[in-house]
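Just so we're aligned, residue 5 is where the sequence shown starts under the numbering used here, counting upward by one.
A virtual CB, placed ideally from N, CA and C, is assigned to each residue, including glycine.
From a predicted model like this one, the values you see are computed outputs, not experimental measurements.
Here the structure comes first, spelled out in structure tokens, and everything after it is commentary.
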Amino acid sequence: MKAAIVTGSGGPEVLKVQDVPEPRASKGEVRVRVMATAVNRADVIQRKGGYPAPPGVPSNILGLEYAGVITDVGEDVSGFEPGDRVFGLVGGGSYAQFIVTHHRTIAKVPDNLSFEQAAACPEAFVTAYDAMVSQANLKSGEWVLIHAAGSGVGTAAVQICRALGARSVGTSRTKDKIDRAMELGLHRGIVIEKGDFSDEVKTIVGDQGVDVVLELIGGNYVVEDLECVANQGRIILVGLLAGAKAELSLQRILSKRVMIKGTTLRARPLEEKIVAAQLLSKQIAPLLENGELKPIIDKVFDLDDVVEAHRYVEQNDSFGKVVLNLED
Numbered sequence: 005m006k007a008a009i010v011t012g013s014g015g016p017e018v019l020k021v022q023d024v025p026e027p028r029a030s031k032g033e034v035r036v037r038v039m040a041t042a043v044n045r046a047d048v049i050q051r052k053g054g055y056p057a058p059p060g061v062p063s064n065i066l067g068l069e070y071a072g073v074i075t076d077v078g079e080d081v082s083g084f085e086p087g088d089r090v091f092g093l094v095g096g097g098s099y100a101q102f103i104v105t106h107h108r109t110i111a112k113v114p115d116n117l118s119f120e121q122a123a124a125c126p127e128a129f130v131t132a133y134d135a136m137v138s139q140a141n142l143k144s145g146e147w148v149l150i151h152a153a154g155s156g157v158g159t160a161a162v163q164i165c166r167a168l169g170a171r172s173v174g175t176s177r178t179k180d181k182i183d184r185a186m187e188l189g190l191h192r193g194i195v196i197e198k199g200d201f202s203d204e205v206k207t208i209v210g211d212q213g214v215d216v217v218l219e220l221i222g223g224n225y226v227v228e229d230l231e232c233v234a235n236q237g238r239i240i241l242v243g244l245l246a247g248a249k250a251e252l253s254l255q256r257i258l259s260k261r262v263m264i265k266g267t268t269l270r271a272r273p274l275e276e277k278i279v280a281a282q283l284l285s286k287q288i289a290p291l292l293e294n295g296e297l298k299p300i301i302d303k304v305f306d307l308d309d310v311v312e313a314h315r316y317v318e319q320n321d322s323f324g325k326v327v328l329n330l331e332d
């Protein structure tokens with residue numbers, strides 16, 4: 005099969021499309037012919053050598069999500085059969101024509117989505133839904149601060165807030181991304197130039213602050229989050245683009261009774277990944293099917309152009325997802 009192989013740590017040029025052996029489905033697994041996948045920030049970091057693959061997944065093949073067709077099923081697989089259109093999350097390996105994955109971690113693709121559209125959904129929508137709803141217990145009417153509102157997770161979070169009746173404030177470094185996010189349902193947007201945003205957030209939502217922060221940036225953004233989160237607010241840390249360290253006031257955390265919680269999907273054990281798959285199939289897929297949620301795709305590249313796809317992602321100009329097409 006054809007796959008994009010990481011030949012060493014470095015720039016996009018270390019990705020080489022090569023022929024490699026096809027995987028086989030074992031007990032409880034299905035084999036999927038991948039029709040599309042997407043480029044995620046974690047892929048870029050892993051390619052640079054900063055994010056090792058979790059145990060049990062290919063260390064030299066990137067890719068955290070996919071959409072495709074089941075070609076084979078192993079023993080003890082129920083609910084799926086060859087020919088089913090499916091999508092889901094994996095710990096790695098989806099920059100390839102075939103993957104194997106546990107059958108309880110997959111979901112059926114809604115009929116109204118193409119493979120490219122479906123491949124743009126799992127990581128963004130599951131990450132956003134899990135963080136805001138499962139971890140932060142978001143309720144209708146609450147205010148959510150969404151950083152990087154033009155990212156894949158950000159655009160998903162904006163739509164989920166709208167679907168659940170929550171109100172959202174988004175941040176971005178460009179006005180264009182804020183404007184486009186508002187078309188998706190973002191209530192108000194803030195263009196961040198120097199990293200200060202807490203005062204503007206409180207001007208928008210009131211001095212009480214926001215109920216939930218979806219923190220995709222990290223670093224000193226968390227310091228500002230503490231200034232504009234409400235008493236008993238919830239800060240869910242998902243990304244660390246601005247760095248893994250920040251000097252925080254523990255007094256502010258205590259006095260405001262704030263919950264700060266980190267979360268990641270990739271390194272979770274199988275049983276927790278099965279729970280995430282249930283979010284995709286039972287909570288997210290129906291909203292994709294009825295049109296309340298929609299995948300936001302900025303650009304599509306063929307797998308042979310994976311180097312250019314990574315270069316494009318690193319420019320930070322994309323709005324939504326960058327997809328890789330693997331169809332013949």
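If you run the structure through DSSP and keep just helix, strand and coil, what is Asp321? Locating residue 321 in the sequence shown gives position 317, where the first residue counts as 1. Coil at Asp321, not helix or strand.
With C-beta atoms as the reference, is Arg334 less than 9 Å away from Phe102? Nothing about residue 334 can be read from this structure; the chain reaches only from 5 to 332.
Could you pull the start and end residues of the beta strand (DSSP E) that Phe346 belongs to? Nothing about residue 346 can be read from this structure; the chain reaches only from 5 to 332.
Among residues of its own chain, excluding the 5 on either side of Glu219, which ones have a beta-carbon nearer than 8 Å to its beta-carbon? Counting from 1 along the sequence shown, the entry for residue 219 is found at position 215. Within the same chain, Glu219 has close Cβ partners His151, Tyr225, Val226, Asp229, Ile239, Ile240, Leu241, Val242, Gly243.
Apart from the five residues just before and just after Ile196, which ones in its own chain have a Cβ nearer than 8 Å to its Cβ? For the purposes of this step, residue 196 is taken as residue 192 along the sequence shown, with counting starting at 1. Thr175, Ser176, Arg177.
Distance, Asp321 Cα to Thr105 Cα: Position 101 of the sequence shown holds residue 105. Position 317 of the sequence shown holds residue 321. Near 32 Å, if we compare the C-alpha coordinates of Asp321 and Thr105.
So, for Glu312: in the same chain, excluding its five sequence neighbours on each side, which residues have a beta-carbon less than 8 Å away from its beta-carbon? In the sequence shown, counting from the first residue as 1, residue 312 sits at position 308. These residues qualify, in order along the chain: Pro16, Phe305.
Where does the unbroken beta strand (DSSP E) through Asp302 begin, and where does it stop? The residue given as residue 302 occupies position 298 in the sequence shown. Residues 301-306.
Using the rule of at least 16 other Cβ atoms within 10 Å of the residue's Cβ for burial, across every protein chain shown, is Glu33 buried or exposed? For this step, residue 33 is matched to residue 29 along the sequence shown. With 16 or more other Cβ atoms within 10 Å, it is buried.
Thinking just about the alpha-carbon of each residue, which of Val217, Ala123, Val205 is nearest to the one in Asn141? On the sequence shown, position 137 is the one that residue 141 refers to. Of Val217, Ala123, Val205, the residue nearest in Cα terms is Val217.
Mind checking which residues open and close the alpha helix (DSSP H) that includes Thr186? Against the sequence shown, residue 186 aligns to sequence position 182. The amino acid occupying residue 186 in the given sequence is Met; Thr does not appear at that position. Note, Met186: alpha helix (DSSP H), 179-187.
For Asp23, count neighbouring Cβ atoms within 10 angstroms of its own Cβ and tell me buried if that reaches 16, exposed if not. The residue given as residue 23 occupies position 19 in the sequence shown. Label assigned to Asp23: exposed.
Within the same chain, show all residues whose beta-carbon is closer than 8 Å to that of Ala57, passing over the 5 residues directly before and after it, in chain order. In the sequence shown, the residue the question calls residue 57 occupies position 53. Answer for Ala57: Gln50, Ser63, Gly95, Gly96, listed in chain order.
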